[in-house]
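Numbering (UniProt numbering), first residue to last: 1 to 69.
The C-beta atom is built at its ideal place from N, Cα and C for all residues, glycine as well.
Everything on this sheet refers to the single structure shown next.
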């Protein structure tokens, strides 16, 4: 049972890290920001978040990430 708890804790920590990174990238969520309307900045932000997301799910792509968000 300790292993399940440990795996759950790691997953929880990973999700929290992803959410914090998402919050740090206003180009993805703040529609009042000029960054949100800049395709290049938005694409770079998605790539950064995707690299974090692929730490847990290596085969994930940008479409998978967008669905998850």
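Item	Value
Neighbourhood of residue 67 by C-beta, 6 Å cutoff - its chain only, sequence neighbours within 5 removed	none
Residue interval of the alpha helix (DSSP H) (run including residue 33)	No alpha helix (DSSP H) contains residue 33, which DSSP labels as neither H nor E.
Straight-line Cα distance separating residue 20 from residue 60	19 Å
Close beta carbons around residue 38, own chain, < 6 Å, minus the five adjacent residues each side	none
Residue closest to residue 24, alpha-carbon to alpha-carbon, out of 44, 64 and 63	44
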